[in-house]
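Numbering (my numbering), first residue to last: 133 to 219.
Cβ atoms here follow ideal geometry from the backbone N, Cα and C, with glycine treated the same way.
Notes follow once the structure below has been shown.
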C-alpha cells in the first residue's frame with residue numbers, strides 16, 4: 133500500500149508561515165525528494181502550463197518553490213509541458 137502525505141490547508145487565521153506554498157519544501161523533505169537527486173543532474177519537472185481560459189493549472193508560486201528546492205540540491209531543473217486533451 134502506498135504512503136500518503138498530508139499538509140493541512142485550513143488555518144484559523146492568516147499566517148504566511150502556514151501557507152501551502154511555504155510548507156511545500158517540508159513536504160518534499162518528508163517524501164525524500166532530496167535523497168534521490170544526484171548532484172549536477174538535469175531534473176525535468178513535467179507540468180501543464182494551462183490553456184487560454186483555463187484555471188486548472190498549478191500556480192506559479194508552487195512551481196517556483198519546487199524549482200528552488202531542486203536547485204538547492206545542486207541540480208539543474210527545467211520545465212517540460214504536457215499536452216492537453218484537444219491537441
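Straight-line gap, residue i to residue j (C-alpha atoms, nearest Å)
{"i": "residue 213", "j": "residue 182", "result": "9 angstroms"}
{"i": "residue 157", "j": "residue 187", "result": "24 angstroms"}
{"i": "residue 122", "j": "residue 149", "result": "Past the edges of the chain, shown from 133 to 219, lies residue 122, and the structure says nothing about it."}
{"i": "residue 197", "j": "residue 204", "result": "11 angstroms"}
{"i": "residue 138", "j": "residue 200", "result": "21 angstroms"}
Rounded Cβ spacing between residue i and residue j (contact assumed at less than 8 angstroms)
{"i": "residue 209", "j": "residue 177", "result": "6 angstroms"}
{"i": "residue 202", "j": "residue 163", "result": "Their Cβ separation, rounded to whole angstroms, is 13 angstroms, which puts residue 202 and residue 163 out of contact at 8 angstroms."}
Where residue i falls, given that 16 or more other Cβ within 10 Å makes a residue buried
{"i": "residue 211", "result": "exposed"}
Residue closest to residue i, alpha-carbon to alpha-carbon, out of the options
{"i": "residue 194", "options": "185, 160, 173", "result": "160"}
{"i": "residue 189", "options": "136, 197, 179", "result": "179"}
{"i": "residue 142", "options": "136, 192, 152, 196", "result": "152"}
Secondary structure, beta strand (DSSP E): runs of 3+ residues fully inside the segment 154 to 204: The beta strand (DSSP E) runs lying completely inside the segment 154 to 204 and spanning 3 residues or more are 174 to 179, given in chain order.
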